[in-house]
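Start counting the sequence shown at 9; every next residue gets the next number (our numbering). By construction, the Cβ of each residue, glycine as well, lies at the ideal position given by its N, Cα and C atoms. A quick write-up on the structure given underneath.
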Amino acid sequence: RIVDYAMAGRTEFMDIFLSAACRFFLGSATGISSIPMIFRRPTAYVNLIPLGFVPTWSARDLFIPKKLWLREERRWLTVREMLEVRAGPSLREQLNPPYDQLGIDVVDNTAEEISALVEEMDERLNGTWQEMEEDEELQRRFWSLFKPGEWHGVLLLRMGAEFLRQHRVLLDDRCRTGIGARA
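Right, dumping it as C-alpha cells:
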C-alpha cells in the first residue's frame with residue numbers, strides 16, 4: 009500500500025488527493041509537505057535542514073535532520089552548532105546557508121535512517137510503538153537546545169528515536185574527532 013506515482017500518472021489533482029488521503033506523508037520540508045498538514049495528516053520529515061527551522065508545532069509528526077560534516081576538523085557538527093550556522097541577516101540566507109563555502113558537507117539521511125523513521129511512524133499510528141528507556145531523555149536533551157522565539161513556540165515535534173539513539177554524540181557540546189566518524 010505504498011504509492012510512488014511520480015514516473016507515471018502524476019497530476020496536480022492526485023498530488024492533493026494523495027496528500028489528503030494518505031495514512032501518513034513521508035517527505036522533506038518542501039511545498040508539497042504543506043498539503044498533508046492542511047488536511048491534518050501525520051508527516052514523517054526526512055533530510056530536514058536547516059535544523060533551526062524545523063516545523064515544531066505538531067505532536068503527530070516525526071523528523072530526522074541531515075547531518076553536517078565539518079571538513080577541516082573532520083567531525084560532525086553538534087546540534088548546538090547546527091542551530092548556530094548562519095550565513096547572513098535575511099531569512100533566505102538563514103534557510104539556505106552556503107554550507108560548502110563554510111567548509112561543511114551536507115550529508116543526506118541513509119536508507120536505514122529513513123526506514124527506521126517510517127517504521128516508528130507506522131508503529132506510533134498503530135499504537136504498537138515501544139518507547140525505550142533512554143528515548144525520553146534523548147528527546148529532552150535534544151529539545152533543550154532549542155530556544156523559544158518567534159519561530160518556535162511550544163515544541164511538540166519529535167525527532168526519530170532510532171536516529172537519536174544512533175547519533176546521540178550530536179547532543180554533546182562537541183563531537184570529538186573519530187567519534188561518529190563519517191563513513
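With respect to PHE71, TYR53 sits close: the two C-beta atoms are nearer than 8 angstroms. When C-beta atoms of the region 134-147 are compared with those of the region 34-45, fewer than three pairs fall below 8 angstroms, so the two segments do not count as touching. SER27 counts as buried, since at least 16 other C-beta atoms from the protein chains shown sit within 10 angstroms of its C-beta. For PHE33, the enclosing beta strand (DSSP E) covers residues 33-35. The Cβ atoms of LEU165 and PRO44 do not sit closer than 8 angstroms to each other. Counted as a single uninterrupted DSSP element, the stretch harbouring LEU164 is not any beta strand (DSSP E), since DSSP gives it neither H nor E. Remark: C-beta atoms of PRO105 and VAL93 approach each other more closely than 8 angstroms. Residue ARG68 holds the alpha-carbon nearest to the alpha-carbon of GLU131 among MET15, ARG68 and PHE61. Where ILE122 is concerned, the enclosing alpha helix (DSSP H) starts and stops at 119-134. Judged by DSSP in its simplified three-state form, ILE57 adopts coil rather than helix or strand.
Non-local C-beta neighbours of LEU163 in its own chain, meaning closer than 7 angstroms and more than five positions away in sequence, comprise THR64, TRP151 and PHE154, ordered along the chain.
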